[in-house]
DNA sequence: TCCAATATACTACATGAGTAGGTGACGACA
DNA sequence: TGTCGTCACCTACTCATGTAGTATATTGGA
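Chains as they are written, first to last, in the numbering used here: chain A, 1 to 125; chain B, 126 to 250.
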């Protein structure tokens, strides 16, 4: 799997990994929002599964605790997420944009802001 | 559940329902692409589940076959899909747009087209 | 040196999605 | 009227995800 599927909760954990850098299961668990914080072993299990998916890896051991780090970049994970979502709209962005507009989730202001970002990025390259 | 979750495959079936209007399980199954067409009973099971979710309903019986129709509108289903996806980006469209841009899935041309659509829609209202 | 605390590793279980087989009923038709 | 094909309905299996308990290992400190 070059780009394994990352579930919603796995994504939360990856976010912590990206934010904290190298850290232990305990640190990740405690970094999660107070409300609805899952049990330590729940986080542990998910981290193990992310390890099987090659999304994280163990880098060392401090005391008796393993220290993990993200293998996949935030960008690549979100790219996969976007690709999967776009597939629902036939794979291209335009029909999705149309739906976004229709749903009222996107305003002209959002467009302007994004367009500016895009222009700036193109100018730089 | 005002807006039940619709899975990928369920969405395919809903698309057929929206396209064909009132139809039987057999018609839906045969309308699916030749490649990887699931067994009749697979489609049947999924339609039953959509029925439990109140996404489709039986309207009548022709011979011994039930005829179904969509209850949920295409728009409302896609709206739910978009909302769920946006949640991954904190609920608002802009961070998602930024990712779309970074991933190269969105071009300036896409923007122009969508912007035009938006303007037309606003003019009309 | 020995114990209490903590982590690990393993196991379990529910739910939802996707897939499909089996059985019995029913209607067309020869 | 007996046979065939189709359909309804029920059941079952696999895989992913989310959740967590438990038994064992490790380790730092009294």
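In this text, a Cβ means the ideal position worked out from N, Cα and C, and glycines have one as well.
Comparing alpha carbon positions, the residue from A:83, A:24, A:3 closest to residue 224 of chain B is A:83. Each residue's CA atom was taken as its position, placing residue 165 of chain B and residue 59 of chain A some 49 Å apart. Annotated as distal: residue 85 of chain A and residue 46 of chain A, with beta-carbon spacing of 8 Å or more.
The beta carbon of residue 228 of chain B falls within 8 Å of a beta carbon belonging to chain A, placing the residue at that interface. Contact between residue 103 of chain A and residue 204 of chain B holds: their C-beta atoms lie close to 5 Å from each other, under 8 Å. Annotation: Cβ neighbours of residue 75 of chain A in chain B (cutoff 7 Å, chain order): 227.
Taking the CA atoms as reference points, residue 198 of chain B sits about 10 Å from residue 140 of chain B.
Contact check for residue 153 of chain B and residue 142 of chain B: beta-carbon distance about 7 Å, within the 8 Å limit, so the pair qualifies. Counting other Cβ atoms within 10 Å of its Cβ, residue 108 of chain A stays below 16 and is therefore classed as exposed.
Residue 37 of chain A carries a coil assignment under DSSP once its states are collapsed to helix, strand and coil. With respect to the C-alpha of residue 24 of chain A, the residue from A:57, A:33, A:2 having the closest C-alpha is A:57. Cβ-Cβ separation between residue 179 of chain B and residue 220 of chain B: approximately 33 Å, too far for a contact (criterion under 8 Å).
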